[in-house]
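Below you'll find the structure, written out as structure tokens, and then a few comments.
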Amino acid sequence: MSARLFCGFLLLAVFLSGLNGSRPAVNQELSTIFNELWSLDVNRMTPGIDYMISVQGRASFVSQGSHTVQDHASQPLFSNVNESKLRNITTFSSFMTLLDNYERSTGVTEQVTTEELTEMDLFLDAVLETKVMKRAHQYLVRKGQSSSDLRLFKKQLNLIWFHLYHRQRNTGLDSSGFEHVFVGETKSGTEIIGFHNWVQFYLQEKNQHLDYKGYKAREHDLPDQDDHVLNLQFSWHGVVKPVGSAFIGTSPEFEMAVFTIVFLMNTERSTTVVVNIDQCQMELVVIRHGRSLGTAYPKLLSSNGRHVRQHAH
373 MSARLFCGFL LLAVFLSGLN GSRPAVNQEL STIFNELWSL DVNRMTPGID
423 YMISVQGRAS FVSQGSHTVQ DHASQPLFSN VNESKLRNIT TFSSFMTLLD
473 NYERSTGVTE QVTTEELTEM DLFLDAVLET KVMKRAHQYL VRKGQSSSDL
523 RLFKKQLNLI WFHLYHRQRN TGLDSSGFEH VFVGETKSGT EIIGFHNWVQ
573 FYLQEKNQHL DYKGYKAREH DLPDQDDHVL NLQFSWHGVV KPVGSAFIGT
623 SPEFEMAVFT IVFLMNTERS TTVVVNIDQC QMELVVIRHG RSLGTAYPKL
673 LSSNGRHVRQ HAH
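Residues in the sequence shown are numbered from 373 upward in steps of one, following the numbering used here.
Have a look at this one:
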């Protein structure tokens with residue numbers, strides 16, 4: 373390998389926070405099922421109509437645990453979101469009721485009330501009603517990873533996403549897959565962990581708890597307003613996330629379905645698959661915590677069919 377090529381790989385790794393130079397091949401089977409789920413996702417928000425984002429400047433390199441960061445985005449990421457639409461779609465509205473149920477800091481034991489258990493139950497029921505999760509369930513049954521009994525599948529989803537576990541040693545049950553991925557947590561007051569959901573991002577930004585600092589991407593891969601995955605940098609309650617990533621505009625059921633499939637189709641502690649969904653090529657990273665989800669997030673590799681055009685040349 374030439375020195376220049378090696379440097380290119382190294383730069384790419386820095387830019388996309390640990391992205392592997394030797395990228396695995398695109399998983400065609402998962403790309404196919406995920407595109408099916410994508411086309412079934414009728415609750416997905418439409419860019420430019422249901423929400424507007426402003427990606428602004430490229431974020432600079434920041435080391436983990438840093439409290440100072442240059443702001444490359446003077447405006448919020450979300451300039452507009454149709455909140456009445458969010459509140460009128462059952463999966464979004466029941467999802468939003470869950471966001472205030474958690475202790476932000478790891479190491480603090482989660483207290484779960486009966487009201488919160490009801491909220492989780494209603495959310496899972498709403499998700500299971502969607503065509504997206506019905507198709508995901510069908511696929512998992514065919515693959516021998518889930519029971520065809522809906523009650524058992526709901527229990528399985530509950531175990532993967534809502535089961536409480538210790539994220540920090542010597543403390544009570546302080547975390548869950550749902551909290552980590554969709555709500556976000558802080559560790560030792562110096563690090564944001566998880567936090568990969570656009571609705572939570574928008575609501576926290578609107579309430580001025582979160583400040584978007586700019587996007588993360590390679591030199592020639594500028595994000596667009598209609599990209600459905602973004603790599604980004606932000607601060608939350610004064611703590612900086614050097615590189616985060618999230619689907620944008622997608623429904624909670626789509627994200628849950630995709631990550632549940634990756635989780636159940638693999639047994640390694642850490643799984644990375646490369647998939648093409650719609651016009652984006654992305655890595656989906658899933659890390660297990662026993663029989664539950666430790667974390668899950670998308671990492672944009674290229675958007676707007678650029679990877680397709682590159683191969684055509």
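Glycine is no exception: its CB is placed at the ideal position from the N, C-alpha and C atoms.
Given the structure is predicted, the values throughout are model-derived calculations rather than measurements.
- Bounds of the beta strand (DSSP E) holding proline 614 are 611–619.
- Residue pairing by DSSP places glycine 586 opposite Gln605 in a beta bridge.
- Residue state for methionine 468 is assigned as helix, using DSSP reduced to three classes.
- The region 583–591 makes no contact with the region 485–502; the number of CB pairs closer than 8 angstroms stays below 3.
- Counting only residues of its own chain and dropping the five nearest sequence neighbours on each side, proline 448 has a CB closer than 7 angstroms to the CB of Glu577 and Tyr584.
- For lysine 559, the enclosing beta strand (DSSP E) covers residues 557–559.
- Counting only the Cα atoms, threonine 558 lies some 26 angstroms from leucine 673.
- In the same chain as glycine 666, and ignoring 5 residues on each side of it, the C-beta atoms closer than 6 angstroms to its own belong to Ile659 and Arg660, in chain order.
- Taking methionine 492 as the centre and dropping the five residues before and after it, the same chain places the C-beta of Phe534 closer than 6 angstroms to its C-beta, in chain order.
- Rounded to the nearest whole angstrom, the CA to CA distance from serine 446 to glutamate 475 is 29 angstroms.
- Leucine 412 and proline 614 have their C-alpha atoms some 33 angstroms from each other.
- The bridge partners DSSP lists for isoleucine 564 are Thr558.
- An exposed status is given to alanine 397, since fewer than 16 other beta-carbon atoms sit within 10 Å of its beta-carbon.
- In the DSSP assignment, valine 571 falls within the unbroken alpha helix (DSSP H) covering 570–578.
- The DSSP-derived three-state label of tyrosine 511 is helix.
- Of the candidates Glu563, Gly621, Val630 and Glu655, the residue whose Cα lies closest to the Cα of glycine 610 is Glu563.
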